[in-house]
Ligand code: NAD
């Protein structure tokens, strides 16, 4: 039976508005001058292009493509490209700002950007998607560049599109430039460790937080919402570090076993079952929403935005929430969670392992050298651990939540750099 996703119970604010509210609070805590606040709020560049594409049936269809560079204060801007029918300039602007804070909080030398094309890749042939990707790249060839703006995959795009983008950009330059984009296939200069990087960063963040909260990982219970790239690797790696994963979920529902779920078995099952956990045995099936309010030590929302709201925040029993997804908690739910003494490792910190290894991909391409997976993991673990410790110490210093502290760290870094560089 097909599963119909229930309409989300929203807090009448979208994840971007939540992010802006936190940006505002952190700016006030920092005493940021109005002028600098306005600079950091406004995207540096917004580009909209029309892309006429010859479809397989010979007709010509015009698509709209976007690239927004929110900030290039810390360095070249970095951010994914989304192929989705819902893409619009406002959404791209919001996601670009998010990237600025994420890169700054883990201290990698990038600004933030995002791009997208309003299209439905599921209804297009591979040839049509290739022509669209190449047309977009060609139109953005003045924007992109290894020292200017470095795209990556996002919803609806993956290694295949990044390979076309790299090839098309290289044609415009008359030479191979693989450092113009990350998330490439391994043979084209992709990095080892990229696939599991975000889930791995979630694991490192969770262990760092558990240490502060004096939760013994060998005695900890964990629930993970979402069993895709981020959720399944986070679950697997936390299990490897001794934690008991008692619940996992995907669009088909939640799966609970108080004795612990064998994550490798669940991944194998999902891989053999068209990517779904539907029908997974060895666990009790719960309603998807119930997973969020289980009696566990650690909750990892790793599915989608806006799942922890004022409607369920009061019932959350976990001592620690590690946000694998972007924007899983609404701004209004923050206060309830803080009042209940729950620590939140926020999205811009906890899921930054992905962009960190993307940065390593770019570094390796520029070095013309390939690191071992072991080196990639060691260095990204160090970056994630240092970022956590920094945010934790700022939270203590300012007496704010980990979330506001992460924004303080990010905004302070960008603002200080801006002031040194100077405006007009
Ligand atoms: P994915 O498509 O691989 O997996 C998403 C999973 O969530 C699937 O198992 C899906 O069934 C499940 N899901 C969707 N709606 C659900 C619901 N209502 N309840 C329970 N499960 C549900 O996606 P992903 O790459 O793992 O990304 C997950 C989240 O992490 C997104 O918010 C994404 O923006 C964020 N993120 C991803 C990366 C990355 O490197 N992939 C990096 C940073 C942030």
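Residue numbers (the working numbering): 358 to 781. Glycine included, C-beta positions come from ideal geometry on N, C-alpha and C.
- A distance below 7 Å between beta-carbons, with the five flanking residues on each side excluded, links residue 593 to the following residues of its chain, in chain order: 620, 621 and 624.
- In this structure, residue 403 sits near residue 446, with a CB-CB distance shorter than 8 Å.
- When the alpha-carbon of residue 585 is set against those of 552, 694, 489 and 568, the nearest one is in 552.
- Less than 8 Å separates the beta-carbon of residue 413 from that of residue 485.
- In this structure, the C-beta of residue 662 approaches ligand 1 to less than 7 Å from one of its heavy atoms.
- Taking residue 387 as the centre and dropping the five residues before and after it, the same chain places the C-beta of 765, 768, 769 and 772 closer than 8 Å to its C-beta, in chain order.
- In this model, residue 763 and residue 463 are separated by some 9 Å (Cα to Cα).
- Taking non-hydrogen atoms of ligand 1 into account, the C-beta of residue 681 is found less than 7 Å away from one of them.
- Cβ-Cβ separation between residue 649 and residue 669: approximately 6 Å, consistent with a contact (criterion under 8 Å).
- In the structure shown, the three-state DSSP call for residue 668 is coil.
- With fewer than 16 other Cβ atoms inside 10 Å of its own Cβ, residue 692 counts as exposed.
- For residue 404, no alpha helix (DSSP H) segment is defined; the enclosing uninterrupted segment is the beta strand (DSSP E) at 402–411.
- Distances from the CB of residue 483 to the heavy atoms of ligand 1 are all 7 Å or more.
- About 27 Å separates the Cβ atoms of residue 701 and residue 609, ruling out a contact at the 8 Å cut-off.
- In this structure, residue 681 places its C-beta atom within 8 Å of the C-beta atom of residue 591.
- Residue 583 places its beta carbon less than 8 Å from that of residue 659.
- In this structure, residue 628 has its beta carbon at no less than 7 Å from each heavy atom of ligand 1.
- Residue pairing by DSSP places residue 610 opposite 607 in a beta bridge.
- The straight-line gap separating the alpha-carbon atoms of residue 699 and residue 676 is approximately 5 Å.
- Between residue 706 and residue 748, the CB-CB gap stays under 8 Å.
- The beta strand (DSSP E) runs of length 3 or more contained entirely in the segment 401–466 are, from start to end of the chain, 402–411, 417–428 and 434–441.
- Between residue 451 and residue 373 a beta carbon distance of about 4 Å is seen, short of the 8 Å cut, so the two are scored as contacting.
- Closest in alpha carbon position to residue 637, among 423, 662, 415 and 611, is 611.
- Residue 700 carries a strand assignment under DSSP once its states are collapsed to helix, strand and coil.
- Inter-segment contact for the segment 545–563 and the segment 732–751 is present: three or more beta-carbon pairs are separated by less than 8 Å.
- Using a Cβ distance threshold of 8 Å, residue 541 and residue 523 count as a contacting pair.
- The beta carbons of residue 368 and residue 687 sit about 4 Å from each other, so the pair counts as a contact at 8 Å.
- Counting C-beta pairs with one atom in each stretch, the segment 716–733 and the segment 567–578 have fewer than three that are closer than 8 Å, which means they do not touch.
- For residue 607, the shortest separation between its Cβ and any heavy atom of ligand 1 lies below 7 Å.
- In the DSSP assignment, residue 578 falls within the unbroken beta strand (DSSP E) covering 578–582.
- Taking a C-beta distance under 8 Å as the contact criterion, residue 410 and residue 492 qualify as a contact pair.
- Between the beta-carbon of residue 536 and that of residue 510 there is about 16 Å, and that puts the pair past the 8 Å contact cut.
- Judged by beta-carbon spacing, residue 538 lies within the 8 Å limit of residue 507, meaning their Cβ atoms are closer than that value.
- Between ligand 1 and the CB of residue 373, the shortest heavy atom gap is not smaller than 7 Å.
- For the 8 Å CB-CB criterion, residue 424 and residue 472 form a contact.
- The DSSP assignment places 516–530, 551–570 and 586–597 as complete runs of the alpha helix (DSSP H) inside the segment 516–600, in order along the chain (cut-off: 4 residues).
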